[in-house]
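To start, the structure itself, in structure tokens.
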Amino acid sequence: MNTRILVTGATGTIGGAVMRALKAPSSDDRCTVVAGVRNAAKREQMTSDGIDAVPLDFDDPASVAAAMEGVDCLFLTTGYSVSMLIQSKTVLDAARKAGVRHVVHLGAWGSDTSPHQHLIWHAFVERYIEALGFSWTHLQPKTFMRNVLTALRPGSTTLMQFYGDTKVGWIDPADIAAVAAAALLEPAAHGGQTYQLAEDARSGAEVAAILAQVTGLPFTYAARDPHALAPILLKAGMEPTYANSLAAATIAIAAGEAPGIGDTFDTVQQVTGRPGTRWIDFAERHRERLIRTATAAVPPRTT
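This is the structure:
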């Protein structure tokens, strides 16, 4: 039986990776993958590339209901704001009405025990999924390795993070996607499971040392004041409640007050049958990008 799978956030980092995992040759004949895309231009581009893409705007219940038609399994990921609560309810209510059987939700590690709002919201979504009677799989990743790639400044070999000297658990988004794809393709095997995702525990200094080893460049680590994070997030346009909660959690991590933040798990091995990505693997895979970024010409400052 060919399973119809709807992927929300299909143009984002994780949603896009899930799309690629599901479109792999080993999976392609087992499912029909549909991308839920809000942006019309991106949706048209995906369609022209041969991808089945449908309109899906979390704030438009009609588009959500239409996107759910004929869907068997749903990958749910939401944005970084308190709106995720009402948006998730809209999606899940429509999914239940349409007869969706299995939901894979991208949450966050610590949502069940954290005092921080943005993590508790994920717990609320997970409990609602369960209450509606779906078969379900909850994904709870820690810190994304890819964040380091996006945070590096052109022309610099200084890795700047807000975690102080604390070791945190890291996960490659491609590994998250591999676990999600497995759960979407085999609900019977993964239903009722909460998968915590963190494959390698490293401090910022240890990550920088690995980057230096792999690239041959003098990468170093500079700890940034975590109290400076909230203004940066707010300036970037993040919703205030989410931004302040994320900043508070980061302050706690840097202070060593986030129990379990450095714990790792063998979830990827258990679910996919292959080892999860460690920092040495990730750095080697992205070696050329790291070198290009670190050696790029720095644009002149304008006054």
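When the count follows the working numbering, it moves up by one through the sequence shown with no breaks and lands on 1710 for the last residue.
Don't be surprised by glycine CBs; every beta carbon is placed ideally from N, CA and C.
These figures come from a predicted structure and were not determined experimentally.
- Taken in chain order, the complete beta strand (DSSP E) segments of 3 residues or longer contained in the stretch 1548–1593 are 1565–1568 and 1575–1578.
- In the three-state reduction of the DSSP assignment, TYR1487 falls in the coil class.
- If you check the CB distance, VAL1498 and LEU1546 do not come in under 8 Å.
- Contact annotation, VAL1675 with ASP1582: C-beta distance approximately 5 Å; criterion of less than 8 Å satisfied.
- Going by C-alpha positions, LEU1539 is about 25 Å away from VAL1461.
- CA-CA distance, LEU1618 to SER1563, rounds to 12 Å.
- Here GLY1443 carries a strand assignment [DSSP, helix/strand/coil].
- Looking at the DSSP output, LEU1546 bridges to LEU1513 and TYR1602.
- For ASP1466 and GLU1646, the gap between their C-alpha atoms comes out near 16 Å.
- When the beta-carbon positions are compared, GLN1603 and TRP1516 come within less than 8 Å of each other.
- With a 10 Å radius around the Cβ and a threshold of 16 neighbouring Cβ atoms, VAL1511 comes out buried.
- Here DSSP, grouped into helix, strand and coil, assigns ASP1467 to coil.
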